[in-house]
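K.L.:
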Amino acid sequence: MSAATESTVTVRLIAEGDRAAWGELYRGYRDFYGKPHDAAVYDTVWGWLMDAAHETRGLIAEVAGVPVGIGHFRRFARPIDAGHGLYLDDLFTAEAARGTGAGGAILDRLAEIAAEEGATLVRWITADSNATARRLYDRVATHTPWVTYDLAPRH
C-alpha cells in the first residue's frame, strides 16, 4: 500500500457488510498477540458488534475504500467522578497500512464519539513491548501511572 496521510483515512462504525474485512483484520490482531485462530471467538465478537443491545462497538478505518484498521470499544462507568468513559479494547492496523494514519484516525474518531456521548475520557492498555503503537499513543494521549492486574475467577 502506498503511503497516505490521515486526511485520506475515513473511519466509521462497523456495519454488517464488513464481516469479511473485519475478520481478516481481527485475525491479524489476534496473530499479533499470539492468539490462536478460533471461529467461535470470531463469531461471538462479530455477534456483539452487530447487536445494538451489546456494549461492544466497532470502528473500521479505510484508505481509498480499503479497510485497513479496526477498533473495538465500550462504555464503562467511572464512579470516581460519577461519569463514564469509553474503553478501547482492541486497536489494530494492517501491517501494510502502518504509517498511513489509520490508528490515529481511529483514536480521533473515538475521541469525537466520547465527546458526543459525554464521556470523561477514553482509556486503553497496550503491551509494554508494543513500541510502534506506543509512539502513537504517547503523541495523542497521556501515559498514566496506573498498573494493570488480572485476577482469575475462583471457584
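For our numbering, add 1492 to where a residue sits in the sequence shown, where the first one is 1.
A virtual CB, placed ideally from N, CA and C, is assigned to each residue, including glycine.
Could you tell me the distance, in whole angstroms, from the CA atom of arginine 1626 to the CA atom of valine 1533?
P.N.:
As a first step, residue 1626 is located in the sequence shown; it is residue number 134 there, counting from the start. As a first step, residue 1533 is located in the sequence shown; it is residue number 41 there, counting from the start. When rounded, the distance between both Cα atoms is 27 Å.
K.L.:
Hey, how far is the Cα of proline 1647 from the Cα of arginine 1590?
P.N.:
One-based indexing of the sequence shown puts residue 1647 at position 155. One-based indexing of the sequence shown puts residue 1590 at position 98. Looking at the sequence shown, residue 1647 is not proline but histidine. Looking at the two C-alpha atoms, the distance is approximately 43 Å.
K.L.:
List the endpoints of the continuous alpha helix (DSSP H) containing aspartate 1535.
P.N.:
As a working mapping, residue 1535 is identified with position 43 in the sequence shown. Note, aspartate 1535: alpha helix (DSSP H), 1531-1542.
K.L.:
Going by other Cβ atoms of all chains shown within 10 Å of its Cβ, with 16 needed for buried, is tyrosine 1518 buried or exposed?
P.N.:
In the sequence shown, residue 1518 corresponds to position 26, counting from 1. Its Cβ being crowded by 16 or more others within 10 Å, tyrosine 1518 is buried.
K.L.:
Give me, in chain order, the residues of the same chain whose beta-carbon lies closer than 6 Å to that of glutamate 1554; leave out the 5 immediate sequence neighbours on both sides.
P.N.:
Locating residue 1554 in the sequence shown gives position 62, where the first residue counts as 1. Same-chain partners within the cutoff: Thr1502.
K.L.:
Short of 6 Å in beta carbon distance, which residues of its chain neighbour threonine 1618, apart from the five on each side in sequence? Order them along the chain.
P.N.:
Indexing the sequence shown from 1 puts residue 1618 at position 126. Excluding sequence neighbours, threonine 1618 sits near Ala1625.
K.L.:
Mark valine 1560 as exposed unless 16 or more other C-beta atoms lie within 10 angstroms of its C-beta, in which case mark it buried.
P.N.:
Residue 1560 sits at position 68 when you count from the first residue of the sequence shown. Under this definition valine 1560 is a buried residue.
K.L.:
Go through the segment 1582-1632 residue by residue and report every complete run of the alpha helix (DSSP H) that reaches 4 residues or more, in order.
P.N.:
You should have 1594-1608 and 1623-1632.
K.L.:
Could you tell me how far apart the beta carbons of arginine 1615 and glycine 1577 are, in whole angstroms, since I believe they sit closer than 8 Å?
P.N.:
For the purposes of this step, residue 1615 is identified with residue 123 of the sequence shown, where counting begins at 1. For the purposes of this step, residue 1577 is identified with residue 85 of the sequence shown, where counting begins at 1. Between glycine 1577 and arginine 1615 the Cβ distance is about 6 Å, and since that is below 8 Å, they are a contact.
K.L.:
Which first and last residues belong to the alpha helix (DSSP H) in which glutamate 1516 is found?
P.N.:
The residue labelled residue 1516 in the question sits at position 24 within the sequence shown. Start and end: 1511-1524.
K.L.:
Taking only the alpha-carbon atoms, compute the straight-line gap between aspartate 1523 and threonine 1536 and give it to the nearest angstrom.
P.N.:
As a first step, residue 1523 must be located in the sequence shown, where it is residue number 31. As a first step, residue 1536 must be located in the sequence shown, where it is residue number 44. C-alpha separation (whole angstroms): 18 Å.
K.L.:
I need the boundaries of the beta strand (DSSP E) containing histidine 1564, first residue and last residue.
P.N.:
In the sequence shown, the residue the question calls residue 1564 occupies position 72. Run containing histidine 1564: 1558-1570, per the beta strand (DSSP E) assignment.
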